[in-house]
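K.L.:
The following block contains the structure, expressed as structure tokens.
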Amino acid sequence: MKKQKHNEESQEITEKVENTETIQTPETTEDAAEQIVDEIELVAQKCAELNDKNLRLMAEFDNYRKRTLKERLDLLKTASERVLVDMLPLVDDFERGLKAMETSDDVQAVKDGVELIYTKFVAFLIQNGIKSIPTENEVFNTEFHEAITTFPAPSEDLKGKIVDCVSKGYTMNEKVIRFSKVVVGE
Numbered sequence: 154m155k156k157q158k159h160n161e162e163s164q165e166i167t168e169k170v171e172n173t174e175t176i177q178t179p180e181t182t183e184d185a186a187e188q189i190v191d192e193i194e195l196v197a198q199k200c201a202e203l204n205d206k207n208l209r210l211m212a213e214f215d216n217y218r219k220r221t222l223k224e225r226l227d228l229l230k231t232a233s234e235r236v237l238v239d240m241l242p243l244v245d246d247f248e249r250g251l252k253a254m255e256t257s258d259d260v261q262a263v264k265d266g267v268e269l270i271y272t273k274f275v276a277f278l279i280q281n282g283i284k285s286i287p288t289e290n291e292v293f294n295t296e297f298h299e300a301i302t303t304f305p306a307p308s309e310d311l312k313g314k315i316v317d318c319v320s321k322g323y324t325m326n327e328k329v330i331r332f333s334k335v336v337v338g339e
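Counting from 1, position 127 in the sequence shown corresponds to residue 280 in the numbering used here; the numbering is continuous, with no gaps.
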């Protein structure tokens with residue numbers, strides 16, 4: 154009985170709510186329509202703003218990409234320019250040495266001059282991060298050395314070691330830029 158009374162009450166309440174919802178005046182319908190139109194316009198405006206912002210960000214990123222690419226190319230150009238400008242005094246020394254060789258009869262003075270230029274050149278290479286790869290009495294290592302031939306080792310302790318270096322190898326900032334060409338004892 155209680156249950157039936159409860160069901161009847163809830164049915165009455167539901168009918169009242171439905172009746173109030175269905176009774177709308179023309180004013181409330183127009184207000185609702187205007188409100189929906191206003192919301193649509195607001196959403197469209199927000200969409201246009203976001204689209205504009207997106208286009209601006211894409212253009213800004215494209216400009217950033219182009220600018221960094223140009224800066225990288227400029228950096229590469231100026232880096233090689235600096236090295237070459239630093240090398241010009243060595244060229245001057247070679248030119249003075251060649252001129253001195255034409256008129257000098259003193260072989261020792263010419264030899265000393267060439268050794269001085271060589272020492273300056275090696276210092277220039279070290280200053281720019283280039284170092285020679287050691288080979289004398291070193292164990293053959295394929296990461297640094299290229300074996301051009303093998304030779305019977307004059308003693309047992311020279312087996313697997315470098316007997317002769319045909320061409321020096323170099324590293325630049327710990328990266329091999331030229332392998333040492335060596336003769337390995339077997």
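Glycine is no exception: its CB is placed at the ideal position from the N, C-alpha and C atoms.
For the 8 Å Cβ check, are there 3 or more pairs between the stretch 289 to 304 and the stretch 315 to 335?
P.N.:
Yes, they touch.
K.L.:
Are the stretch 242 to 252 and the stretch 263 to 283 touching by the rule of at least three beta carbon pairs closer than 8 Å?
P.N.:
Taking 8 Å as the limit for Cβ pairs, the verdict is that the stretch 263 to 283 does touch the stretch 242 to 252.
K.L.:
Starting from the Cα of G313, find the closest Cα among K328, I193, A197, V336 and give me that residue.
P.N.:
Here residue 313 corresponds to residue number 160 of the sequence shown, with the count starting at 1. Per the Cα distances, V336.
K.L.:
Considering just the uninterrupted stretch of the beta strand (DSSP E) at E327, what are its terminal residues?
P.N.:
In the sequence shown, counting from the first residue as 1, residue 327 sits at position 174. Per DSSP, E327 belongs to no beta strand (DSSP E) and is neither H nor E.
K.L.:
What three-state label does DSSP hand F304 in the structure shown?
P.N.:
Counting from 1 along the sequence shown, the entry for residue 304 is found at position 151. F304: strand per DSSP, three-state reduction.
K.L.:
Out of V292, N290, I286, which has the shortest C-alpha to C-alpha gap to T324?
P.N.:
Residue 324 sits at position 171 when you count from the first residue of the sequence shown. Ranking V292, N290, I286 by Cα distance to T324 puts I286 first.
K.L.:
Rounded to the nearest angstrom, what separates V292 and G282 at their Cα positions?
P.N.:
In the sequence shown, counting from the first residue as 1, residue 292 sits at position 139. In the sequence shown, counting from the first residue as 1, residue 282 sits at position 129. Going by the C-alpha atoms only, they are around 24 Å apart.
K.L.:
Looking only at its own chain, which residues have a Cβ that is under 8 Å from the Cβ of F214, when we skip the five neighbours before and after it?
P.N.:
Counting from one through the sequence shown, the residue named residue 214 turns up at place 61. Closer than 8 Å at the Cβ level, and outside the excluded window around F214, lies no residue.
K.L.:
Which one or two residues does DSSP pair with I283 in a beta bridge?
P.N.:
Taking the sequence shown and counting its residues from 1, one reaches residue 283 at position 130. According to DSSP, which records beta bridges pairwise, I283 is partnered with M325.
K.L.:
Measure the C-alpha to C-alpha separation of I315 and I301 and round it to an integer number of angstroms.
P.N.:
In the sequence shown, the residue the question calls residue 315 occupies position 162. In the sequence shown, the residue the question calls residue 301 occupies position 148. So the alpha carbons of these two residues sit roughly 11 Å apart.
K.L.:
Mind checking which residues open and close the beta strand (DSSP E) that includes V292?
P.N.:
Along the sequence shown, read from residue 1 onward, the residue named residue 292 stands at position 139. Per DSSP, V292 belongs to no beta strand (DSSP E) and is neither H nor E.
K.L.:
Using the DSSP secondary-structure output, state which residues sit across from R346 in a beta bridge.
P.N.:
Summary: the structure shown does not reach residue 346, with the chain confined to residues 154 through 339, and so no result is reported for it.
K.L.:
Using the DSSP secondary-structure output, state which residues sit across from I315 in a beta bridge.
P.N.:
The residue given as residue 315 occupies position 162 in the sequence shown. V337, per the DSSP bridge assignment.
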